[in-house]
Amino acid sequence: MSLLAEALNRIKPSPTIAVSARARELKAAGKDVIGLGAGEPDFDTPDHIKEAAIQAIRDGRTKYTNVDGIPELKEAVAAKFKRENGLDYDVDQISVGTGGKQVLYNALVATLDPGDEVIVPAPYWVSYPDMVLLCQGTPVIVDCPENAGFRLLPDALESAITPKTKWLILNSPNNPTGAGYDRASLKALTDVLMRHPHVHVMTDDMYEHLAYDGFEFVTPAQVEPGLYDRTLTVNGLSKAYAMTGWRIGYAGGPKPLIKAMAKVQSQSTSNPSSVSQHAAVEALNGPQDFIKERGAVFRQRRDLVVAALNQAPGLTCNTPEGAFYVYPSCAGVIGKKTPDGHRIETDDDFVTYLLESVGVAVVQGSAFGKSPYFRISYATSTDQLEDACARIVQACKALD
Ligand SMILES: Cc1ncc(COP(=O)(O)O)c(C=O)c1O
6 MSLLAEALNR
16 IKPSPTIAVS
26 ARARELKAAG
36 KDVIGLGAGE
46 PDFDTPDHIK
56 EAAIQAIRDG
66 RTKYTNVDGI
76 PELKEAVAAK
86 FKRENGLDYD
96 VDQISVGTGG
106 KQVLYNALVA
116 TLDPGDEVIV
126 PAPYWVSYPD
136 MVLLCQGTPV
146 IVDCPENAGF
156 RLLPDALESA
166 ITPKTKWLIL
176 NSPNNPTGAG
186 YDRASLKALT
196 DVLMRHPHVH
206 VMTDDMYEHL
216 AYDGFEFVTP
226 AQVEPGLYDR
236 TLTVNGLSKA
246 YAMTGWRIGY
256 AGGPKPLIKA
266 MAKVQSQSTS
276 NPSSVSQHAA
286 VEALNGPQDF
296 IKERGAVFRQ
306 RRDLVVAALN
316 QAPGLTCNTP
326 EGAFYVYPSC
336 AGVIGKKTPD
346 GHRIETDDDF
356 VTYLLESVGV
366 AVVQGSAFGK
376 SPYFRISYAT
386 STDQLEDACA
396 RIVQACKALD
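My numbering puts the first residue of the sequence shown at 6, with every later residue one more than the last.
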């Protein structure tokens with residue numbers, strides 16, 4: 006009998022974490038590497054949030070808390086949903102977990118039976134299919150073509166739905182493409198869902214505040230109130246508030262689901278860090294202007310990266326609506342030869358070539374379910390981005 010569970014054979018370690026680890030290793034070995042693999046803002050957590058955490062420690066708020074969040078934080082989350090999304094959630098419809106990742110995972114553990122299907126539009130955030138597999142569910146991957154802006158098309162959604170479909174996972178703005186659903190494109194999808202009352206929506210709104218050029222963020226339960234009872238609206242503090250290490254994510258949803266998620270959490274991590282929860286209250290209730298200021302910097306970086314990459318022979322890069330990623334096509338380098346005679350066959354080969362020849366770490370499209378592409382995270386300094394893009398252009402020019 007094997008010690009390791011069969012379910013572990015179905016999944017892989019997070020490829021994005023693996024790229025960051027490899028870049029860190031190479032750097033530690035003295036190589037000149039620019040890491041554009043991590044999905045993490047380079048900005049620091051704002052001081053007023055840090056101060057709230059320090060105060061919480063001083064006040065002795067260092068004990069176990071309610072399983073799925075202290076009342077003050079649930080109230081702050083409910084107020085945020087009302088203020089920013091026009092959604093009414095009572096505090097007992099709110100769940101707080103150790104990052105959006107745990108919240109999503111809790112929801113899947115709480116709802117999936119073997120063979121239940123979960124529709125995952127591709128390109129997808131790397132964790133969705135593997136989380137579904139760990140929960141004995143079946144991910145149903147639906148391709149979102151580049152010429153549709155990497156957005157799920159209503160017909161494709163309609164054809165993917167079966168009697169076994171339990172969830173559709175939506176993510177806008179999207180990791181890895183940056184694509185966002187405007188009101189009309191989201192409504193076209195919610196119209197399909199209205200015809201299939203057994204399908205629920207897990208919407209991952211993690212990048213809500215990172216949207217540019219006046220793009221209006223909208224979320225499914227807001228666009229189609231008829232879906233309110235079938236929607237889990239997930240969000241978190243990691244990206245917009247630069248709080249990746251604090252590990253706080255949250256969701257609003259139907260009471261029975263929120264209760265079931267608390268049951269799961271009570272038997273795994275008990276509660277998110279008490280100190281982080283107090284910091285999160287300040288983050289949600291305190292000043293919000295830094296988000297816009299930082300957003301302006303992200304937008305400049307996005308424009309810089311898109312312009313530079315379109316100078317690289319063999320690459321094409323569109324301008325996405327949000328997040329801090331671009332997802333260029335590398336179709337034009339497939340079949341070319343590197344200076345040392347290796348043929349580039351896949352996006353995996355291309356990212357390996359970039360890392361080894363010019364020391365730029367990016368993530369291959371195969372990790373996100375759509376090739377031949379790669380993801381660049383532009384959540385790093387403008388100087389580093391300029392340097393990295395110049396290196397990528399140089400690497401592409403060296404191909405034959
Ligand atoms: C689309 C998406 N969802 C969820 C998460 C998880 O965020 P966290 O667990 O830090 O809240 C991430 C982080 O990379 C993400 O990109």
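By construction, the Cβ of each residue, glycine as well, lies at the ideal position given by its N, Cα and C atoms. Please read all numbers here as calculations on a predicted model, not as lab measurements.
Continuous alpha helix (DSSP H) stretch holding residue i: start and end
| i | result |
| --- | --- |
| residue 136 | 132-139 |
| residue 104 | 104-116 |
| residue 309 | 294-314 |
| residue 29 | 20-33 |
| residue 355 | 352-363 |
| residue 54 | 52-63 |
| residue 164 | 159-165 |
| residue 281 | 279-290 |
| residue 275 | First-last for residue 275: undefined, no H or E at that position. |
| residue 14 | 11-14 |
| residue 398 | 387-402 |
Inter-residue spacing [alpha-carbon to alpha-carbon] between residue i and residue j
| i | j | result |
| --- | --- | --- |
| residue 279 | residue 295 | 24 Å |
| residue 223 | residue 196 | 15 Å |
| residue 177 | residue 191 | 10 Å |
| residue 200 | residue 277 | 37 Å |
| residue 310 | residue 13 | 37 Å |
| residue 340 | residue 348 | 6 Å |
| residue 9 | residue 123 | 25 Å |
| residue 252 | residue 115 | 20 Å |
| residue 215 | residue 40 | 21 Å |
| residue 324 | residue 62 | 43 Å |
| residue 365 | residue 68 | 43 Å |
| residue 47 | residue 109 | 24 Å |
| residue 82 | residue 71 | 15 Å |
| residue 300 | residue 6 | 52 Å |
| residue 34 | residue 230 | 54 Å |
| residue 54 | residue 261 | 32 Å |
| residue 143 | residue 358 | 34 Å |
| residue 51 | residue 119 | 43 Å |
| residue 367 | residue 305 | 20 Å |
Nearest residue (CA-CA) to residue i, options the options
| i | options | result |
| --- | --- | --- |
| residue 227 | 49, 76 and 91 | 91 |
| residue 179 | 266, 188, 139 and 331 | 331 |
| residue 345 | 185, 320 and 400 | 400 |
| residue 343 | 403, 335, 78 and 397 | 403 |
| residue 140 | 317, 269 and 211 | 269 |
| residue 263 | 51, 298 and 112 | 112 |
| residue 170 | 138, 145 and 189 | 145 |
| residue 338 | 329, 351 and 246 | 351 |
| residue 363 | 242, 183, 37 and 128 | 37 |
| residue 203 | 174, 220, 225 and 167 | 167 |
| residue 102 | 57, 242 and 123 | 242 |
| residue 256 | 78, 395 and 188 | 78 |
| residue 361 | 8, 9, 27 and 322 | 27 |
| residue 186 | 173, 163, 220 and 206 | 220 |
| residue 156 | 137, 89, 100 and 125 | 125 |
| residue 291 | 259, 246 and 324 | 246 |
| residue 73 | 46, 104 and 327 | 104 |
| residue 275 | 35, 65, 100 and 81 | 100 |
| residue 193 | 175, 21, 212 and 158 | 158 |
| residue 397 | 370, 388, 405 and 318 | 318 |
| residue 152 | 208, 299 and 321 | 321 |
| residue 154 | 172, 127 and 174 | 127 |
| residue 372 | 11, 7 and 18 | 18 |
| residue 314 | 97, 229, 65 and 383 | 383 |
| residue 289 | 233, 89, 209 and 65 | 89 |
| residue 136 | 165, 172, 150 and 188 | 172 |
| residue 60 | 281, 336 and 302 | 281 |
| residue 240 | 207, 316 and 76 | 207 |
Residue i at chain B interface by Cβ criterion, 8 Å
| i | result |
| --- | --- |
| residue 13 | Chain labels in this structure do not include chain B; a single protein chain is all it has. |
For residue i, the first and last residue of its enclosing beta strand (DSSP E)
| i | result |
| --- | --- |
| residue 255 | 254-257 |
| residue 239 | 236-241 |
| residue 75 | Unbroken run through residue 75: none, as it is neither H nor E. |
| residue 123 | 122-127 |
| residue 174 | 170-176 |
| residue 207 | 205-209 |
| residue 188 | First-last for residue 188: 188-199, but that is the alpha helix (DSSP H), not the beta strand (DSSP E). |
Beta-ladder partner(s) of residue i, from DSSP
| i | result |
| --- | --- |
| residue 144 | 123 |
| residue 227 | In the DSSP output, where bridge partners are listed per residue, residue 227 has none listed. |
| residue 346 | The partner list for residue 346 (beta bridge, DSSP) is empty, contrary to what the question assumes. |
| residue 380 | 368 |
| residue 43 | Answer by DSSP bridge pairing: none, since residue 43 is not bridged. |
| residue 101 | 255 |
| residue 334 | 321 and 378 |
Just the residues with CB closer than 6 Å to a heavy atom of ligand 1, in chain order, which are they?
-> 44, 104, 105, 106, 130, 176, 180, 209, 211, 241, 243, 249 and 254
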